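Chemist: My numbering numbers the first residue of the sequence shown as 122 and each following residue consecutively. The beta carbon of each residue, even a glycine, is placed where N, CA and C say it ideally should be. Quick caveat, the model's predicted, so the values are computed rather than measured. Input: one structure, supplied below.
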Amino acid sequence: MNEIVAKMMDPIIDENNKTGTEILLALEESGILMRLDKTILPTRYRAATVNPAEVRKLRRVENIIRKGRIDSIEPGKLIFQTGEEMPVDPKTLFVDCSANSTLFAPKKKVFDGETINVQFIQMPPPGISANVIAAMELKFPNDEEKKNSVCNVLTAHKSPKVFFLQTCTLTILRMLLSLLRWIQ
């Protein structure tokens, strides 16, 4: 865990990285972040959980269409939101990778009486949140105030800039505060 935090913090505190983009590129260089196409800077960030071997396989996909959002897929054609149509083989398989996995309901208390509202409290990866929430329920079954003091809900990031501001600063601070509370 300390090694991962150090890999995240080093690009942030490196005085050679003057902009958010430079920091994001340094995070990519250190292996914390990955892009499918190194020639394109992302405009959205969805907190995908993927390993380097999976990224290498995804990079083998050759027929990538970058014409904007698709409105619909019909036999023999793609229809973009701009109205542009593109003919395709009717037997073509399309894989929708545009789902927004980080579009959540408004924040609420994680522990609320008999209800546990699973939300992001640590990022990335998303699974850590569920693990910490479960651990808090087991460790402090009757102390809702203590559990909620540790489980601070985060707003999911939707762009690289917000990722940088939130994940690389606030999340690390919150994680450290949560760890301090945990050991008390």
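Alpha carbon to alpha carbon, how far is LYS228 from LEU300?
Modeler: 21 Å
Chemist: Please go through the segment 157–235 and give each complete alpha helix (DSSP H) segment of 4 or more residues, from N-terminal end onward.
Modeler: 173–179
Chemist: Below 8 Å on the Cβ atoms is my guess for LYS188 versus GLU205; work out the distance and round it to an integer in Å.
Modeler: 7 Å
Chemist: Find out if the Cβ-Cβ distance for the pair ILE153, MET129 is shorter than 8 Å.
Modeler: yes
Chemist: In the DSSP output, which residue or residues are listed as bridge partners for ILE237?
Modeler: PHE232
Chemist: Thinking C-alpha only, which one of PHE215, ARG190, ALA174 is nearest THR203?
Modeler: Among PHE215, ARG190, ALA174, the Cα nearest to that of THR203 is on ARG190.
Chemist: If we call anything under 8 Å between Cβ atoms a contact, is ARG165 one with LYS279?
Modeler: yes
Chemist: For the alpha helix (DSSP H) containing THR276, list its first residue and its last residue.
Modeler: It is not in any alpha helix (DSSP H) - THR276 carries neither H nor E in the DSSP assignment.
Chemist: Would you tell me roughly how many angstroms separate the C-alpha atoms of ILE194 and PRO262, rounded to the nearest one?
Modeler: 49 Å
Chemist: Counting only beta-carbon atoms, is PRO281 nearer than 8 Å to chain D?
Modeler: Of the chains in the structure shown, none is chain D; there is only one protein chain.
Chemist: Take VAL253 and list the residues in its own chain whose beta-carbon comes closer than 8 Å to its own, dropping the five residues that flank it on each side.
Modeler: ILE242, GLN243, VAL271, CYS272, SER299
Chemist: Measuring only the C-alpha atoms, how far is LEU259 from GLU265?
Modeler: 12 Å
Chemist: If we call anything under 8 Å between Cβ atoms a contact, is ASN138 one with ALA127?
Modeler: no
Chemist: For LYS198, which residues from the same chain have a beta carbon less than 7 Å from its beta carbon, with the 5 sequence-adjacent residues on both sides left out?
Modeler: So the list reads GLU206, MET207, PRO208, VAL209, once near-sequence residues are dropped.
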